[in-house]
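Encoded as structure tokens, the structure appears first; notes follow it.
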Amino acid sequence: MFVATLLTNPANPSLDPALVESLRNAWGGGDAFWLSPDEAAEFTLEMQPDNQWDVWADLQNMGVDLIVQPEQGRRKKMLLADMDSTMIQQECIDELAEVAGVGARVKDITARAMNGELDFEGALDERVGLLAGLDEGVIQQVLDQRITLMPGGKTLLATMKANDGYAALVSGGFTAFTASVAATLGFDENRANTLLVADGKLTGKAGRPILGKQAKVDALEQITARLGITEADVIAVGDGANDLGMLKRAGTGVALHAKPSVAAECEVRINHGDLSALLFVQGYARDVFQG
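FYI, the numbering for the sequence shown is 933 to 1223, going by the working numbering.
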């Protein structure tokens, strides 16, 4: 048995009941259940539709995300999340670079790395090198003035944790940022790279080993083993090429507002909803959301 979920941007909920009924009838689905009025609905299916991705493309033009997945086991015991452009709305290194006056150069490298056009480790070293000499205090300044949380994140964490879920933040960014974001949102642990500092200034180097794509897969393997759960018990979320390893290995891998090259390799793509969409995907109704 499968379940089809349709959802929209909660800031402008516009899911038409007639659209839900039309698709349900076309696919021979069960009765529609509204997870949130005007925002999210689901219905069961006997089999995965052959024209799923054609319908998905049509619905994208209407501001609607469509997810079709097996119904059994969709509620997960662990969240594994990327940070930059996933749990927060920015790329931390880009924000540091803006303050350092090398923003345009670093943003270009970041974009190419996240699209998978550049080697992640080499791209990280090149960008960090451009920050050499920056005052260490700028990190807190950027956190306070330039970093904003992705909508729905607090609700996602609070709801999963209220249902005995575990949450890990694993980033190719830096511990100076993940520690703060993890504490604010309620993650149980965080892993990231370290910006090296000497005499109160950034040295332009990152600590070794560099945490990239493989580090996220390693975290998935290590944390699930420690918790005594399986990779199928995990919902992972990210947006960049270095997230693909964990997104493909997790029971549910969610490409959130992802680069096209990343989204194309994922079965669950959220382009209109926010992080609370990860709760709808698991079958939570908004009236049981926490936070």
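Glycine residues also receive a C-beta, built at the ideal position from the N, C-alpha and C atoms.
Only a predicted model underlies this, so the values are computations on that prediction, with no experimental measurement involved.
(message) Helix, strand or coil for R1181? Go by DSSP, reduced to three states.
(response) helix
(message) Output needed for A1195: all residues of its chain with C-beta closer than 7 Å, excluding positions within five of it in sequence on either side, in chain order.
(response) A1187 and R1201
(message) Could you tell me the alpha carbon to alpha carbon distance between G1215 and P969, rounded to whole angstroms?
(response) 14 Å
(message) Check this for me: beta carbons of L998 and W988, under 8 Å apart or not?
(response) yes
(message) Report the CB separation of D1014 from S1103 in whole angstroms; it is logged as a contact under 8 Å.
(response) 6 Å
(message) I need the straight-line Cα distance from G1183 to A1100, nearest angstrom please.
(response) 15 Å
(request) Please report how far the alpha carbon of D1165 lies from the alpha carbon of G1065, in whole angstroms. (result) 44 Å
(message) I'd like the span of the beta strand (DSSP E) that includes N957, first residue to last.
(response) Careful: N957 lies outside any beta strand (DSSP E), inside the alpha helix (DSSP H) at P949 to W959.
(request) Express the C-alpha separation of N957 and E1003 in angstroms, rounding to a whole number. (result) 19 Å
(request) Would you check if the distance between the CB atom of A1138 and the CB atom of L1127 is smaller than 8 Å? (result) yes
(message) What does the alpha-carbon distance come out to for the pair G1185 and I1071?
(response) 31 Å
(message) DSSP has T937 in a bridge; who is on the other side?
(response) E974 and I999
(request) For A1195, verify whether its CB is less than 7 Å away from any heavy atom of the ligand FAD. (result) The ligand FAD is absent from the structure shown, which contains no ligands of any kind.
(request) Take R1078 and list the residues in its own chain whose beta-carbon comes closer than 7 Å to its own, dropping the five residues that flank it on each side. (result) Q1022 and E1027
(request) Please report how far the alpha carbon of L1050 lies from the alpha carbon of L1063, in whole angstroms. (result) 19 Å
(request) State the DSSP-derived secondary structure class of I1025, mapped to helix, strand or coil. (result) helix
(request) At 4 residues or longer, and completely inside the region 1186-1216: list those alpha helix (DSSP H) runs for me, N to C. (result) 1192-1195 and 1209-1213
(message) For D1093 and M994, I'd like the C-alpha separation in whole angstroms.
(response) Correcting the residue identity first, residue 1093 is Lys in this sequence and not Asp. If you take the alpha carbons of K1093 and M994, they lie about 33 Å apart.
(request) Scan the region 1118-1176 and note each continuous beta strand (DSSP E) run of 3 residues or more that stays entirely inside, going in chain order. (result) 1121-1125, 1127-1130, 1133-1138 and 1166-1170
(request) Spell out a yes or no on whether the region 1131-1151 and the region 1174-1183 are touching, meaning 3 or more CB-CB pairs, one atom from each, closer than 8 Å. (result) yes
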